[in-house]
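In the numbering used here, each residue's number is its place in the sequence shown (first place is 1) plus 297. Just so it is clear, CB atoms sit at the ideal spot from N, CA and C, and this is done for glycine as well. The structure presented is a predicted model; accordingly, all values stated were derived computationally and were not measured.
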Amino acid sequence: MTFVLTLLLTFIVVSMAMWVFLRLGAPVYRLDKNNVITLLELVLAGDATENDWHVFMGIPLRHCEFLQAIQQRCSDLSEIEYVGEASVTLFTEKGTQALKLILEELKHQDFDQ
């Protein structure tokens with residue numbers, strides 16, 4: 298009898314947990330324009346870490362073609378001008394200038410997300 302009650306209680310608890318997890322769904326991390334602007338400003342100020350930059354490079358931005366294009370431009374820039382934490386900023390002077398241009402373009406671009 299104890300076994301049956303334990304089995305039934307376990308089934309109920311697991312079923313409730315599954316129902317809660319299915320209702321909540323997986324967390325979704327979506328960067329928006331303001332997040333990217335903040336990151337670029339941190340990079341230019343020398344306050345961003347390598348990890349911040351690598352997370353930005355690795356997170357998919359399929360929800361917004363413009364942000365995806367910005368991310369691709371930043372990725373291309375990383376291939377050439379990225380120096381990491383060996384410097385005050387993560388980029389060379391030329392890379393910093395290019396990031397400033399990207400940031401200004403991003404700030405002045407209006408788009409729906």
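Among the options, the one whose alpha carbon lies nearest that of residue i
| i | options | result |
| --- | --- | --- |
| ASP349 | LEU336, ALA342, LEU321 | LEU336 |
| SER375 | LEU358, LEU396, VAL385 | LEU396 |
| GLN394 | ASN331, ASP407, LEU341 | LEU341 |
| VAL380 | CYS361, VAL311, LEU305, HIS351 | HIS351 |
Proximity of residue i and residue j at Cβ, strictly below 9 Å
| i | j | result |
| --- | --- | --- |
| LEU400 | ILE356 | no |
| GLU382 | GLU347 | yes |
| GLY322 | VAL385 | no |
Close Cβ partners of residue i (< 7 Å) along its chain, the five nearest in sequence each way excluded
| i | result |
| --- | --- |
| VAL333 | LEU364, ILE367, LEU403 |
| SER372 | MET354 |
Cβ-based burial, residue i [other Cβ within 10 Å; buried from 16]
| i | result |
| --- | --- |
| ALA314 | exposed |
| LEU305 | exposed |
| LEU387 | buried |
Item to complete: Enumerate, from N- to C-terminal direction, the unbroken alpha helix (DSSP H) stretches of 4 or more residues contained entirely within the stretch 338–379.
Response: 347–355, 362–378
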